[in-house]
Amino acid sequence: MGNTIKAFVAFIPGDRCQNYVVGDLQEMPLDKMVDLSGSQLRHFPVHVCSFTDLVKLYLSDNHLNSLPPELGQLQNLQILALDFNNFKALPQVVCTLKQLCILYLGNNKLCNLPNELSLLQNLRTLWIEANCLTQLPDVVCELSLLKTLHAGSNALRFLPGQLQHLHELRTIWLSGNLLTEFPTVLLHMPLLEVIDVDRNSIRYFPSLAHLPGLKLVIYDHNPCRNAPKVRKGVRRVGRWAEETPEPDPRKARRYALAKEESQEPLPPAPHPLLSPTSS
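In this text, residue positions in the sequence shown follow full-length UniProt numbering: the first is 1, and each later residue adds one.
Here it is, written out as structure tokens:
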């Protein structure tokens, strides 16, 4: 859709908006992409499923909670964006789109993922951040070509050991979960390049210096007593990273207390007019 249509859509009530957008999509786009993001859709326009050569379909930021079985006709689809909707369960039809490489499911209400997701063996990138996941679904560990996993802003307390079966995984984002310990399974994944455990409750970090592929580790906003040790050249983002030396773990508590004391307000300086004057 063009910018003119998207701008006009913002001023149309919900039902009329959907009719207008659907009416605008009567032919297969030349770029094989349909972008209906932010169109206030409550129902997916079924006739889009007739565009069987479609490669990219963006449905972000709508009010969708289901998808029609006709979506299965889009067997050439490689990118599907369903983020910022109202899905409480992933529609089974999504698992029939076997050419999918990128799947956006963030900012929904998902508590789990169906076992049939394992059929998406071409999936390289999976976004499941900001859902209602209390544990990482086991089926994720069956996506053998997965390279990037975004699972932040959930309620994860641990990661399953099966995750190390994902030999292609290079980047894992776990910011904003409920981890109290650094996930042990990540220590057995030498090809990981980016690990993000920002904003968790991890108090101690094991050494990551044995991970030869690691390029970046983000561990900020954790109540940690130490920084993770890494190989030379690996960037760390967090307390005691590049800008300040990491203290001896035995001195960490003393360091924290000293920092708290340094942040206490100083007594007010005497007012100039009240200062003693020389005779």
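Note that the Cβ used here is the ideal one computed from N, Cα and C, for glycine as well.
Beta-carbon separation of residue i and residue j under 8 Å?
i, j, result
"V185", "I218", "no"
"N131", "N115", "no"
"S153", "V139", "no"
"L178", "R203", "no"
"T226", "N200", "Contrary to the premise, residue 226 reads as Asn rather than Thr in this sequence. In this structure, N200 does not lie closer than 8 Å to N226 by Cβ."
"L159", "L145", "no"
"N65", "F87", "yes"
"C101", "N122", "yes"
On the DSSP bridge assignment, give the partners of residue i in chain order.
i, result
"V194", "T171 and L216"
"Y58", "D35 and A81"
"R239", "R239 is not bridged to any residue."
"I102", "I79 and T125"
Please classify residue i: is it buried, with 16 or more other beta-carbons within 10 angstroms of its beta-carbon, or exposed?
i, result
"V237", "exposed"
"L208", "buried"
"D53", "exposed"
"K251", "Caution applies to K251, whose pLDDT of 49 falls short of 50 and renders its modelled position unreliable; the model cannot decide the point."
"D31", "exposed"
"L150", "Leu is not the amino acid found at residue 150; the sequence shown has His there. With 16 or more other Cβ atoms within 10 Å, it is buried."
"G106", "buried"
"S50", "exposed"
"M189", "buried"
"R235", "exposed"
"N76", "exposed"
"P69", "exposed"
"E27", "exposed"
Going by DSSP in three states, residue i sits in which element: helix, strand or coil?
i, result
"E27", "coil"
"S201", "coil"
"A10", "No answer about A10 holds up, because its pLDDT of 39 lies below 50 and its placement is not dependable."
"Q40", "coil"
"G72", "helix"
"H188", "helix"
"H47", "helix"
"L96", "Before going on, a small fix: residue 96 reads as Thr here, not Leu. Helix."
"S207", "coil"
"P183", "coil"
Does the beta-carbon of residue i, which I'm using as the reference point, lie nearer than 7 Å to any heavy atom of the ligand SAH?
i, result
"T171", "For the ligand SAH, the structure offers nothing, since it holds no ligand at all."
Can you list, in chain order, the stretches of the beta strand (DSSP E) that have 3 or more residues and sit fully within the segment 112-181?
Counting only unbroken stretches of 3 or more residues, the beta strand (DSSP E) elements lying wholly within the segment 112-181 are 125-127, 148-150 and 171-173, in sequence order.
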